[in-house]
Every structure is written in C-alpha cells, then in structure tokens.
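Here is the structure we will look at, set down as structure tokens.
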Amino acid sequence: MKRRHLLATSAAALGLASLGTVARAQSPLKVGFIYIGPPGDFGWTYAHDQSRLAAQAHFGSAVETFYVDNVPEGPDSERVMTQMALSGASMIFATSFGYGPAMNATAARFPDIAFEHATGYLQEHPNVSLYNARFYEGRAVIGTIAGRMTTSNKVGYIASFPIPEVIMGINSAYLHAKKVNPNVEFSVVWVYTWFDPAQEAAAAEALIEQGCDIIMQHTDSTAPLTVCQQRGALGFGQASDMTQFAPDVHLTAIIDNWTPYYIKRIQERLDGTWTAGNVWNGIAEDEVTFAPFNPRIPAEVQAEATAMIEAIRTGAYHPFTGPINRQDGTPWLAEGEVADDGTLLGMNFYIEGVTGEIPG
Amino acid sequence: MLRLEKRPSPSQAWNYATPVLAVLLTMIAGGILFAILGKNPFEAIRLIFWDPLFSEQFGSYSRPQLLIKAGPLILIACGLAIGFRAGIWNIGAEGQYIVGALCAAAVALWFFPAESVLVFPLMIVAGALGGWAWAMIPAILKTRFNTNEILVSLLLVYVAEKLLAAAATGFLRNPDGAGFPGSRNINQYPSAANLELIPNTGLHWGGVAAFAAVLFTYVMLQRHILGFHVRLAGQAPRAARFAGVAPARLVLICLGLGGAFAGMAGMFEVAGPARLISIDFNAGYGFTAIIVAFLGRLHPVGIVLAGLLLALTYIGGELAQFMLSIPAAAIQVFQGMLLFFLLALDVLSNYRIRLALPGRTSEAK
Amino acid sequence: MDIGAINPVFLIASLMVAATPILLAALGELVVEKAGVLNLGVEGIMIMGAVTGFAAAVTTGNAWLGMLAAIGAGALLALVFAVLTQVLMANQVASGLALTLFGLGLSALVGQGFVGATPPRTEKLTFGPLTDLPVVGPILFNQDPLVYVSLALVAGIWWWLKSTRGGRILRAVGENHDSAHALGYKVRRVRILAILFGGACAGLGGAYLSLIRVPQWTEGMTTGAGWIALALVVFAAWRPGRALLGAYLFGGIMVLQLNLQAAGFRIPVEYLAMSPYIITILVLVLMSSNRGRTSLSAPGSLGRSFHAAG
C-alpha cells in the first residue's frame, strides 16, 4: 500500500509539473529558502533574508516565499528540502556551502524543481544551479582603504576556517593594501568558527594589542567592531552595514546583496525560462555593495575607493591581475594575466608577502 | 497539604499513562505558545504530531525519516543507558560519535576506490574502535587518577569538534574537491555506502544496529551477570563492592560500550544520511541521546519509544516551520516543554500524592 | 617573532574579562552542586540571562536594571528546575538538559524583537592614581564592575561555605542528605535556595556577555559557555578558589593562543584551538594524581534525588 501511495504522489507531482506555466500562473509560485543560521544574525543569513523579503515585495501575490532557519547540514537539510518539494515548492534556495550533497541528492528525486545552491560547487544534476558572490572584489576595495588609513602599518584579519573563500579574501585584501602601502603587514588569526562573539572579541583585542590599528573579519558577529570602537581601532562591517555598532570606527562594510539575483531567477521561473547555471556575480551585478563611507575617510581615499569600484564594475579592473607570485615565490600570474575562476574557487595558497601559514 | 508518598513498587498503569498525558499537556501548552506567536495552534500541533505519520502529502516520506532520525539516537542512548544505570556519567557521547565517524571515514577513504566486501565491516569496526578509544580517555583517567568523567568526556567533545574541522579542511579533505572543505562523498562509494536495505523504509544498517543494540542492552541488563552488577552499582554502591563488583572494571566496560555504540552511530551516519565528513557534521545527537536515554527510563524498550517520539517532534517541527513560518526556536521551546511535562509527570509512577490534613497522625514516621 | 611581542600584563587583564562570564556561572553551579544537585541547565539559564538582561537594558536605558533583570530571569528559570527535581523528584540530568533546550529556544524567541539594538554602555571602573600603576594598574584597577563582582563572589562564597552555619548545613546536605535530614536540616529548602542562587549567578554571567563583553544580542550567543562552566566546577573540585584558577586558566589559554597567532608564531593553528580544553584536562589529571588525602570527590549525594521518608 505504501509503494502504491508513493507512486501516486509522484505521478501527481509529475502531472502538475507538466502543466507548465499555465498552472503556475493560477496559484502563487512557491519558493523555499533554507538558512544555516537565524535571520537575526545581522550577517550572512540576515542578508539572504533581506533579499528574500525584497523579492517577495517585488513579486507580490504572484510568489509565495517561505523559509526554515537554523537547518543543520546533512540529513536534516535533505529532509527539509524534500518536504518543501512535497509541499509544492517550485524553487528552493539553499544558502550555505554545506548543503551541497543533500541538495544534489534531493534534486535527483525532484527533476522538475529548480534548486539553487549558494557558494557550492556540486552540480550533479541538470536542475541544480550554483550562485556565488565575488566578495574578493569587496575585499580589494576595503584592502585599499585599509592600506591608506593604517598608521601602524599592521592590519589584523580575523579568519574563520582555512577554506578557499576565506583565503581568497585575505589575499585580495592584502594585495590591495600592499599596492597603496608597501610597508603594510597583515596579521591573521584563525578562530575556527563562523560565529562566536566572545572569541571574536578576544581575537580583535589580541590583534589590537599586537599593534594592528585596522581590523578586518570573515566572521559573522559585530563583536570585533565593538572592540574596535572601544579601543580606537578602525574596522569594517561584514555582510551587512554595521555602522550602528561602531559609529566612529566603522569605515564601510561589504554588503551581500542577493536581491537582483533572486528577482531575476524567480522571474525566470515564472516565465518558464529557468535553466541551471553557475553564476559568480560581483560589483558589476550589484551583488557586492558597500555601506556608506565613514566621513573620517579622507576625500582622496574615498575617491580612490570609488574609482576602484567603478573600474571593477565596468570590468576594466580585475582584483587578481598579474604579476602576482605565490607565497613561496613561484610565479602565479604573469603581467596582465587575470586569474581564472577555477583557481580562485579552489584557492589554497597565500600570495607573496603574506606571512604565516595556512593551517591544515 | 499535598505530600508525596513513595509507592512500594512503581505503578505500571501510570508508567504507560504518563507519556500520553505528557504529550497531551504539551499539545495544550504548545498550542498556547503558537497562538501567542500568531499561528494557528491546531494546525501547528497537527503538523508536528499527525502529519509526519499520516499526511497524504508527506507521510510516505516522513515515516521512514523517523527511523533515520531515531536510529542513531536509540543506538547511542542504549550505550549511555548502561553507564547511567551504574552511575557512570558519559556526557561526551557527541565526541565519541565524531571520532567514530572520523575513523570509519578514514578507513573508507584509505580503500577508495577499490571495491571489496571487506570495506564496510572494517568501517564498522573502525567506527566502534574510534568511539571506544575516545571514551577510554575519560575511563582511564577516572580509574587511574580518579578524574571525574563528566568533565573529561565533556571537554573531549570540544576537542573532537576541532579535530573534525581539521579533518574536513585538512587530512580528510577531498583531493578532487577543488580545494573545498569536506571529504569525498562516502555514500557514493559503493563498498562503503550505508544504503537503505529496503527501499523507502528508512532502514539502513544503522537502524539494524540500533535494534541489535536494543536487544543486546535488554539481554545484558536483565539476564547477564554484568547487567546485574551495573544495576547494583547504580542503586547500592556499597553493596556492589561487597558483592565483588570491581568498580574500575565496570567503569571501563560501561564507558567503553557507550563509546563504541556512539562511534558506530557516527559511522552509519557518515556513510549514510550525512554522506561525508564536513566541518559541521555533528548535529548534537550525542546530547539528544542523553535525553532519549532518560526519557526511556534507561530501559531499552523505553529508549526506542522515546527516540521515536523525539524524532517525531524534530520532523514534525520542520514541517511546522516552513508550512507556518514558525521559527526553529519555537520548536526548541516546544521540545523543552515536552521534556518538562514528561519529567514532571514521571513522579506519579513512583510516588503517590497524598492529602495530609493537619492534626491527623501519619501512618509511618 | 619574539616572545616579547606578547605583553603579559595585557594578557592577564584580558583573560580576566574572557573568564568572567564562565566564572560567574561556575560559582553559582558550584554552590548548587555543593548542596548535592547537578544542574546541567546552566547553558539555558545563561542565555536566558543574556537576553533578558539585554532586553531590559535596552528598554529601560539602564544597564544595571538589565543586570538585575538577568538575575531575576536566571533565578526564575532555575525555579522550574528546582520544582522538577526537588518537589517532583525528576531525574536531575534529564531535567537540566531539558532546561538547556528550553532556555535556548525561549531566549531566541524573546530576543527576536531586540536584534540589532544597541545597549547602554557600561564603563570600566578606574581608581584614580591606582589605575596608572605599572603592572597591577591595568590588571586590578581598570576592569568593568562585574569582574570585581566575580572576584568578590569567589571570596564571599569561600567564606560562606567555610565559616557560616548556612554553609556548613549546605555542605552537610550535599554530602549525605539522609543524615542531614536526620539531623533536622531542611534538605529540600536548602537545595531549592542553592538552585535559585546558582540560577541567579548564571543569569548574571549571561548578561555580562550580552551587555559588556560583546555587547549585542544574537541567538545562541553563549556558544557553549555554560558547558564550560559546568566542566569548571568539576575541575575546581567544588572549591571556589580553584574555580577562579580554572576559569582564568581556561580563559587565559584561549586568549594566549589568539595572541600567539596575532604575534605571528608559527604553530599548527587547528590544534591550537583545542589547547584550552586539552590543557584543562591535563592540569586536572595532574592535580588529581597528586592528591592523596584530600578529598577530590564530588559531594556524596550529588545527582541523587532526596525524598524524606515519612
């Protein structure tokens, strides 16, 4: 009886799917989101949820978005995605790297549902699409600002895990700080967590104590900025505008803006033109934006940063343009050569000049 | 004034009634909570308790998921229950689970891509040994140095988590994974994969192991001399010593069993539903299993029921989350309330409520 | 890089700050366990204290009112545990775990309206010329008020347990509740009061995190501090002075490894992250193995339910 029941359900699902856009127009398109953390984290998940809300507002009653937060990676996420699919979702966004295997396994069972995976790399089925943001472009800009603004020539970097995304950020920030300030040094501390306010605060304090007067972070809480505000160091917000937590020292922030992408993809789904892709957008597509510059940044530095943003936006400048060597001195990019996406996505080496080793 | 009077022997009737009563009370209290949050309480309760089992839309998928979710919980809880009965507090099952998974994954990746029937059994052994070894640390420290096992086993959970992160980003990382963290997908490696034995039932080897553990625990506790020693040590430590129970040996065996079961659960998870080693592979099963063990009154059959009930609240909770936009936190509160009610009502199994009027002489002093 | 790059004075000053939340929670739990009760719900109480303190401080604009609210919330949540375990005779381990689950969830719900809010500031205390003293200045005379509260609590609890009648009764209850009952001590009442005190301390520790250390409210922000506090109680062998040592040791290693990284020392970082936990275990083993006579064992009745016969 169970087997027949399952067949009946899947037949019904297939039948619905084959009706195409006509059926969809009659009832709202259901779009599900899975979050790794809470929308209130003011960081990674917050940014996704803000974009979800913006997309919902844009489409009004044509689309019905919903989400589940705090979903652990692994079998729980697979179950949630499957249940969303069974409840009639036509599109599912999974907003964390670790959901990859689960998403692909689910996609195999629901070939007519569109699956979008943020910051992943697995595409085992034609209905799985990948999307990511070129945060390294943002790091290039803040690296430039940091290089100009530091007086002690030491920049502190609170890094989470030694994965390519984080290493890319360090390299990009360092490269551009160094370009405007040949004496600059980066001090990297690995905290092995994405979110631990107490530890992040302690890391910021340690870096400041070691002489860093600017702190960058690839962790999610506002704790480092609060420490900066207290100790008079400068800092940058992560994933969202964190000015309110450190009004005097928050120079700017890299803001994750997924809204244009979400609206575009949901529209394609509504129009029936959605196909899987592998998209890595950045400043040019407005996916990487910046919080307003703090007035204490001198006008010429602001102009320099703005110019760089424009250059990246038009494609005139790519943050990883040679000549760049690896940390051990071997050449990586020749003069004028631009890094290819594959190497960047798998980046597991420091560039020349960065001191210290990547753990693991 | 209400007084509690111990029953001569636990009441069977209340033993069966209290869980049902607790669930009912939770439904009411939970309903009030959801109403305060602005959600339809009846729909929420239905989504949590009824739909995963009987819904047309979800049931055929959710029912097997119950076994998938409950399996590791039951397996770990059985191992823990043996120790808890003896008064040996293994709080570090989460760490033993992780280390077991790491060892099993290491074995699988060592053999990759060779196909052999030996791989899977070796992984099971590796998982059990890994968990056993991790539990031996608090065990030996306790027997040799009298170090409290709660502290050591708990702190070792954190160590295991860091080890997991190091493995996922370093020594177990997938060489074909373009530098991304995470091991190779073990579930896609046929010799190592822990697949469903009967399609759409959720029964994989982990579930089989859970049943085996239940049987083992039952037989051991009820029929084997070791089980007698365990129960004696828990209830009357002095008498146990006189009866010749060697405390050190008991510690080693109980912690060892708990670790081995937890390690095996980790192995079945990593080769099955979790698919691979990732930085966030562990999902708190080691701690949830402690709850399951106690809710099941440290009895194997009770553990099965408690595990299934808790799994139901997880799966139903997820349904409620996206069908009604209920935040995950509300489901956590709901589960906490269920536990509170279960624990609170449990008193009725062992104690009778008596009305003691002032002035009346009480029967015993 | 040279070892001189790490300033020991700064290290000590900052480890005190890092250790204070877990010290506060550990001190409270120490009293609870001394009375013979094992409350594993510390994490849930801490985070409820964090959110309640934060919410109250933001709403009233006064951080001290926030602290008071956190103390109240901690005691209230502990009361639930007290009723379950002391009146209804429920198993202590399971009740504590249920409390943690409940507290984590409830705090997230309560905190939803306060995400992104900024709490009123608490300034570090300064003691005039004392603060400018070379070594002891930054360490002892320039900390925020709760650091001093935690130190006072260590001394106060030590003195109370050792020298007052109340302390002796509590210890007797913890060692052997049946004998204590036979002596006429009100076992249940003592334990309930101890549990409430423990809850109040844990709540305060949580508020320290959300109002001073971070300060911000985010779901799950205690990230396991309550569990560390529990471990510390055992490490401290149920003695307040040792709790101070343990908390500072743990906090110190955490701060030290971050400083070592920041100073550029080449050490395998992923294993460094484990070091606070491993070193705590090693120190405990060393201390346990040295002990011959002095009792390191837990209070005799720890974890066992008490029911007065008759």
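Protein chains in written order, with numbering that gives the first Met the number 0: chain A, 0 to 359; chain B, 0 to 364; chain C, 0 to 309.
We treat Cβ as the ideally placed atom computed from N, Cα and C, and that holds for glycine.
Item	Value
Is the distance from the Cβ of B:V213 to the Cβ of B:P272 below 8 Å?	no
List, from N- to C-terminal side, the alpha helix (DSSP H) runs of 4 residues or more that fit wholly inside the stretch 71–151 of chain A.	74–85, 99–108 and 134–148
Quick one: give me the first and last residue of the alpha helix (DSSP H) that B:M263 is part of.	P246 to A270
For a test of the three-state rule: what should DSSP assign to A:D255, helix, strand or coil?	strand
When we look at the beta-carbon of B:G181 and count the other beta-carbons within 10 Å, is it buried (16 or more) or exposed?	buried
Using only the alpha-carbon positions, how far apart do C:P119 and C:N61 sit?	6 Å
Look at the Cβ atom of A:A158, then the Cβ atom of A:I169, and state whether they are nearer than 8 Å.	yes
With DSSP as the reference, label A:V21 as helix, strand or coil.	Its pLDDT being 43, under 50, A:V21 is placed unreliably in this model, and the coordinates cannot settle the point.
Quick check on C:P267 - is its C-beta less than 8 Å from some C-beta in chain A?	yes
Reducing DSSP to helix, strand and coil, say where A:E334 ends up.	coil
Starting from B:N184, find everything on chain A with Cβ-Cβ shorter than 7 Å and list it in chain order.	P100
If we call anything under 8 Å between Cβ atoms a contact, is C:L150 one with C:G95?	no
Give the single residue among C:D177, C:A116 and C:M273 whose Cα lies nearest to the Cα of A:T225.	C:A116
If you measure between the beta carbons of A:N131 and A:W279, is that distance less than 8 Å?	yes
Hey, out of A:V79, A:R147, A:I162 and A:E199, whose CA is closest to A:T118's CA?	A:I162
By a C-beta neighbour count over all protein chains shown, 10 Å radius and 16 as the cutoff for buried, is C:T279 buried or exposed?	buried
How about C:N6: is its C-beta nearer than 8 Å to some C-beta of chain A?	yes
A:L344 and B:F57 - do their beta-carbons sit closer together than 8 Å?	no
Which ranges does the alpha helix (DSSP H) cover as unbroken runs of at least 4 residues, wholly within the stretch 61–112 of chain C, from first to last along the chain?	62–81 and 91–110
Only counting the same chain, and skipping five residues up and downstream in sequence, which positions put a Cβ closer than 8 Å to that of B:F41?	G30
Measure the C-alpha to C-alpha separation of B:Y350 and C:V79 and round it to an integer number of angstroms.	20 Å
With DSSP as the reference, identify every bridge partner of A:Q237, one or two as the case may be.	A:I253
Select from B:L354, B:A355, B:L356 and B:L347 the residue whose C-alpha is nearest the C-alpha of B:K5.	B:L347
Which residues does DSSP list as the beta-bridge partners of A:T215?	One point to set straight first is that residue 215 of chain A is Met, not Thr, in the sequence displayed. Answer is A:Y156.
Can you give the Cα-Cα distance for B:L388 and B:S324, rounded to whole angstroms?	This structure does not reach residue 388 of chain B, given that chain B is present from 0 up to 364, and the question cannot be answered.
Which whole-angstrom value is the C-beta distance of C:G27 and C:A236, which I expect to be below 8 Å?	About 17 Å separates the two Cβ atoms, so there is no contact after all.
Go ahead and label B:H223 buried or exposed: buried means 16 or more other beta carbons lie within 10 angstroms of its beta carbon, across all protein chains shown.	exposed
Run down chain C in chain order and give the residues with a C-beta less than 7 Å from the C-beta of A:S186.	A261 and G263
Counting only Cβ-Cβ distances shorter than 9 Å, please list the residues of the stretch 171–198 of chain C near chain B, keeping chain order.	none
Taking the DSSP output, what are the residues bridged to A:I323?	A:L332
Going along chain A in order, which residues have a C-beta closer than 7 Å to the C-beta of B:M322?	S86
Thinking just about the alpha-carbon of each residue, which of A:M80, A:G271 and A:R295 is nearest to the one in A:Y98?	A:M80
Counting only beta-carbon atoms, is C:W158 nearer than 8 Å to chain B?	no
Between B:I47, B:A191, B:A319 and B:A166, which has its C-alpha nearest B:L101's C-alpha?	B:A166
Anyone know if the C-beta pair for B:I81 and B:T216 falls short of 8 Å?	yes
Taking the alpha-carbon of A:P294 as reference, which of A:G142, A:T251 and A:G281 has the nearest alpha-carbon?	A:T251
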